[in-house]
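Novice:
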Amino acid sequence: MDLPLIVRQCTDQDLLALTEEEPAGAGVARRMLQRQRDGRVFFAAAWQGPVPLGTVVLDLHATYSPEMKNLFVNPTRRGEGVGTALCDWLEAKARTVGFDHIYLGVGKDNDRARGLYIRLGYRSIGESTSCTYNYVDEDGSTKTATELSDYYKKPLC
Ligand SMILES: CC(C)(COP(=O)(O)OP(=O)(O)OC[C@H]1O[C@@H](n2cnc3c(N)ncnc32)[C@H](O)[C@@H]1OP(=O)(O)O)[C@@H](O)C(=O)NCCC(=O)NCCS
């Protein structure tokens, strides 16, 4: 029988399991846990037993704040509702700490994520920004990417 999917806030004890899912040297989980300790983000993961299937961040200090960022689901586990479960958890968390809305940015070409967000009730605010960032590829090399994102907002009621 499949283990249940559980979404919860990450702790420092999760670092090893989260790092095992990243390209070597990416350091994303380590950075997010540090930002969470600094009170800048909430960092959550969806777990099946000891295995993280996906992660998401709520940035409390973004230009459009709070902003859902870094939603990512293991490519072998997409289309099973993990992304939806992560968004649901983050919205509940945002509500609990007193926010009445969430923003997010979605890449112009990211039709799959855009479809998910629209289904969940996010709507365009008519703003776009360009974001340049470094990331570690699956082969371990550092790459730079520039992404043009449209901003969306969902009221939390
Ligand atoms: C975008 C992303 C997070 C979605 O995650 P996911 O786990 O596949 O999301 P869900 O399964 O909840 O929903 C995706 C689709 O699967 C369908 N689905 C949901 N539960 C399902 C299930 N149990 N069985 C089959 N399909 C299901 C949904 O209807 C949904 O369809 P939609 O695309 O028309 O909305 C994932 O594709 C990803 O990690 N992409 C790369 C990173 C990225 O682009 N992140 C977003 C940055 S803005």
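The working numbering puts the sequence shown at residues 3 to 159. C-beta: ideal position from N, C-alpha, C; glycine also.
Would you say the segment 33-43 touches the segment 74-90, given that touching needs at least three Cβ pairs under 8 Å?
Specialist: No, they do not touch.
Novice: According to DSSP, CYS159 sits in a beta bridge with which residue or residues?
Specialist: Reading the sequence shown from its first residue, position 157 is the one you call residue 159. None, per the DSSP bridge assignment.
Novice: Would you say LEU92 touches ligand 1, meaning its beta carbon is less than 8 Å from a heavy atom?
Specialist: Locating residue 92 in the sequence shown gives position 90, counting from the first residue. Flag unset: Cβ of LEU92 not near ligand 1.
Novice: Assuming PHE56 and GLY85 make a contact with CB atoms under 8 Å, what is their CB distance in whole Å?
Specialist: In the sequence shown, residue 56 corresponds to position 54, counting from 1. In the sequence shown, residue 85 corresponds to position 83, counting from 1. Per the sequence presented here, residue 56 reads as Gly, with Phe not at that position. Confirmed, about 7 Å.
Novice: Pull up the distance between the alpha-carbon of ALA31 and that of ARG121, whole angstroms please.
Specialist: Counted from its first residue, the sequence shown places residue 31 at position 29. Counted from its first residue, the sequence shown places residue 121 at position 119. So the alpha carbons of these two residues sit roughly 28 Å apart.
Novice: In chain order, which continuous runs of the alpha helix (DSSP H) of length 4 or greater are located wholly inside the segment 3-39?
Specialist: Whole alpha helix (DSSP H) segments, 4+ residues: 17-22, 30-39.
Novice: Taking the alpha carbon of ALA87 as the point to measure from, which residue in THR98, GLN50, ASP102 has its own alpha carbon closest?
Specialist: Sequence index remark: in the sequence shown, residue 87 carries index 85 (1-based). If we check each option's Cα against that of ALA87, GLN50 comes out closest.
Novice: Would ARG161 and LYS155 be called neighbours here (beta carbons separated by less than 9 Å)?
Specialist: One cannot answer for residue 161 here, as it falls past the ends of the chain, which runs 3 to 159.
Novice: Does the beta-carbon distance from TYR135 to GLY107 come in below 9 Å?
Specialist: One-based indexing of the sequence shown puts residue 135 at position 133. One-based indexing of the sequence shown puts residue 107 at position 105. No; because the gap between Cβ atoms is not below 9 Å, this pair is not in contact.
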